[in-house]
Amino acid sequence: MAMTSTCSWGLGMCYAGEINGYKIHAQVLEHPSKQGIAEGRIVQFYISKSGLFSLGHCELSYSRGWDSVPSTGALRAVVEQAVRQIDGKQIDWAVERQR
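Numbering (UniProt numbering), first residue to last: 1 to 99.
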């Protein structure tokens, strides 16, 4: 399922959707940012199985930086697909690990 814009959020838009059985919530700026995932437009990004996005319910979160960079596997695939849908780019995980 594609992520869709749902409302305005700060200096950008809120996107929500479901990818590979995970619920997604993201803040997407109008223009790319050094603080975004892969220096793109996604500056906040949350993945949850339950659809709840508090700290105790998220499988993974990014808020202008990774709480923990996803290892290979399902969560990384979800992030990659979301970044492709929103920014049309690939993620260099070696660079992301150093951020």
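Don't be surprised by glycine CBs; every beta carbon is placed ideally from N, CA and C.
Asked, Found
"Hey, would you say Gln81 sits closer than 7 Å to Ile37, going by beta carbons?", "no"
"Name the DSSP beta bridge partners of Phe45, please?", "Ala26 and Tyr62"
"From the DSSP output, in three-state form, read off Ala2 for me.", "coil"
"Under a three-way DSSP split, which group does Cys91 fall into?", "Checking the displayed sequence, the identity of residue 91 turns out to be Ile instead of Cys. It is coil, neither helix nor strand."
"Since residue 109 contacts Gly40 with CB under 8 Å, what's their CB separation in whole angstroms?", "The structure shown has nothing for residue 109, since the chain only spans 1 to 99."
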